[in-house]
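Colleague: Residue numbers (the working numbering): 371 to 901.
(1) In whole angstroms, what separates the C-alpha of residue 573 from that of residue 767?
(2) For the putative contact between residue 699 and residue 663, defined by C-beta atoms under 8 Å, what is the C-beta separation to the nearest angstrom?
(3) Excluding the 5 residues flanking residue 895 on each side, which residues of the same chain have their C-beta closer than 6 Å to its C-beta?
(4) Report the CB separation of residue 850 from residue 507 in whole angstroms; it is logged as a contact under 8 Å.
(5) Please classify residue 735 as buried or exposed, where buried requires at least 16 neighbouring CB atoms within 10 angstroms.
(6) Buried or exposed, going by whether 16 or more other CB atoms sit within 10 Å of the CB of residue 897?
(7) CB-CB under 8 Å to residue 491, same chain, minus the five flanking residues each way: which ones, in chain order?
(8) When you compare the CB positions of residue 614 and residue 649, do they come within less than 7 Å of one another, or not?
(9) Mapping DSSP to helix, strand and coil, what is residue 397?
(10) Helix, strand or coil, according to DSSP, for residue 661 in the structure here?
(11) Looking at residue 556: is its Cβ nearer than 7 Å to the Cβ of residue 540?
(12) Per DSSP, what kind of secondary structure is residue 824 in: helix, strand or coil?
(13) According to DSSP, is residue 844 helix, strand or coil?
(14) Rounded to a whole number of angstroms, what is the C-alpha to C-alpha distance between residue 652 and residue 530?
(15) Based on the DSSP secondary-structure assignment, which residues constitute the bridge partners of residue 669?
(16) Starting from residue 916, trace the beta strand (DSSP E) in both directions and tell me its first and last residue.
(17) Restricting to runs no shorter than 4 residues, where is the alpha helix (DSSP H) found entirely within the stretch 456–540?
(18) I'd like to check one pair, residue 457 with residue 414: are the Cβ atoms closer than 7 Å?
(19) Just to check my reading of the structure: residue 467 and residue 486 have Cβ atoms closer than 8 Å, yes? What is that Cβ distance to the nearest angstrom?
(20) Out of 449, 440, 402, 435, which one is the CA nearest neighbour of residue 392?
(21) Are residue 750 and residue 587 touching if we call contact CB-CB under 7 Å?
(22) Kindly provide the ranges of any alpha helix (DSSP H) runs that are 4 or more residues long and lie completely inside the stretch 410–457, ordered along the chain.
(23) Given residue 884, which residues of its chain have a CB within under 6 Å of its CB, disregarding the five upstream and five downstream residues?
(24) From the DSSP secondary-structure annotation, give me the bridge partner or partners of residue 703.
(25) Does the Cβ of residue 453 have 16 or more other Cβ atoms within 10 Å, making it buried, or fewer, making it exposed?
(26) Residue 807 bridges to which residues according to DSSP?
(27) Assuming residue 873 and residue 801 form a contact by the criterion Cβ under 8 Å, report the distance between their Cβ atoms to the nearest whole angstrom.
(28) Can you find at least 3 beta carbon pairs, one from the stretch 779–786 and one from the stretch 517–531, that sit closer than 8 Å?
(29) Give me whichever residues DSSP pairs with residue 553 in a beta bridge.
(30) Given this structure, state the Cα-to-Cα distance separating residue 703 from residue 713, to the nearest angstrom.
(31) Given this structure, state the Cα-to-Cα distance separating residue 591 from residue 619, to the nearest angstrom.
(32) Within 10 angstroms of its Cβ, does residue 404 collect 16 or more other Cβ (buried), or is it exposed?
(33) Taking only the alpha-carbon atoms, compute the straight-line gap between residue 641 and residue 876 and give it to the nearest angstrom.
(34) What residue from 693, 667, 600, 546 has the CA that sits closest to residue 707's CA?
(35) Go to residue 627, then tell me how far its beta strand (DSSP E) extends in each direction, as first and last residue.
(36) If I'm right that residue 516 touches residue 406 with Cβ under 8 Å, what's the distance once you round it to whole angstroms?
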């Protein structure tokens, strides 16, 4: 691309000479109450106003206004942030990107352009219908591209096609220089791009660190040198989908240990990028006993030879020695709806399966939702002590919440074919990703639920100070599942900070990028990259 297109000169005017300014909503506006909170109702802000820009030009105006007024700003794309990074008492201005939702093919860039406010399901539907391609992003339909992509998003196709950032060609960012001047910059992965470090920082560095992401361009690296190569991966025409459960009332501790151990052992054995089972992705929903069931969702690439046998062998290995028969999933499990129709595996068109699995969850549409999440990467199987800890917390008579669970997701495959330093995602040799989560509605129950999840996570990693280190067994935590307790001394005795657990050996390089592109630390939150 031409050099002059990498830094965009904008004067805040439209082509007809009229000034283009973003909508601004103040506390006296009836819309205000809906615009100062995200999905998690633990976090509600009282900013002076909320900007609703519709273009990068308008974002630059909003950022410049906040800087000139010396007002603390934060940025929202989809409202799914797990912590208070967007909505907190220190924020004076919220820049809400929910009106920037365009998804289109950009001929000049030879890539698919995705604005930061576009929701994942809309992106999938648009690029698949336009060109028959996709990218390996997350399941939840209403997560927006803004934070998902730059945090290293992953999903059901990641074991076969890698992370979303492995297909990120360019990013458009509103930055603020040492003089306090806001500008719109495009950074690409091109080796000769002087802004390439800014692109790299958005391949896993997370949101709210370097500027306001307004747009991404997606194109697989293979297409850079080969004009005949696909611009993005094509999903399988069909996928084989299965959802099974085990009844808690019939599970002994021995069967529980076998189930968790079997699932983990399979992931270790099938972690290689060239594994014949790279097209299989599974999540084990290990619910609290009060839910009634433990569930497992599996999707297999329907185009692989004998996909039914691949799935059957996986189910046999997971169930080996578990003296409880599988049955249909009849309860909600975190973000997953009951799926009794999938107790017998079904072949479905890929987009239909994606739409079915992504939508309908009552959890994220609950207007009173309160939640907490804690995450970790595994490089090896869970130890016997860790499985014992999981069993103890999920069967504890002192705690009852049918939405509380440990989610164990498959990882590895193509994800692990990329070097740790090639993107900001340092976790390139993990085999599983863990997420402990719980939901509730009553603020009076905050302490009850937070105490349980904090102690559960701490005790799972008690041998390493209460957190998963970057060592031979674990690989830190996932920045897109932020967790401020990683910086709480009572819950983290490892000596490492949250950012060190998220970024590992890539953190010093992220700090270099921060010093260049955000020298005034305009873009910051409780766990942001420090200059």
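Even glycine gets a Cβ: it sits at the ideal position worked out from N, Cα and C.
Modeller: Result, derived from the coordinates:
(1) 43 Å
(2) 7 Å
(3) 455, 578
(4) The Cβ separation is near 11 Å, so there is no contact.
(5) exposed
(6) buried
(7) 511, 512, 724, 725, 728, 729
(8) no
(9) coil
(10) helix
(11) yes
(12) helix
(13) strand
(14) 13 Å
(15) 611, 651
(16) In the structure as shown, the chain begins at 371 and stops at 901. Residue 916 is therefore absent and cannot be evaluated.
(17) 490–501, 515–520, 528–531
(18) yes
(19) 5 Å
(20) 435
(21) no
(22) 426–438
(23) 899, 901
(24) 706
(25) buried
(26) 743, 775
(27) Not really, about 20 Å apart at Cβ, beyond 8 Å.
(28) yes
(29) 545
(30) 15 Å
(31) 50 Å
(32) exposed
(33) 23 Å
(34) 667
(35) No beta strand (DSSP E) holds residue 627; the alpha helix (DSSP H) holding it covers 623–639.
(36) Not a contact, Cβ separation roughly 18 Å.
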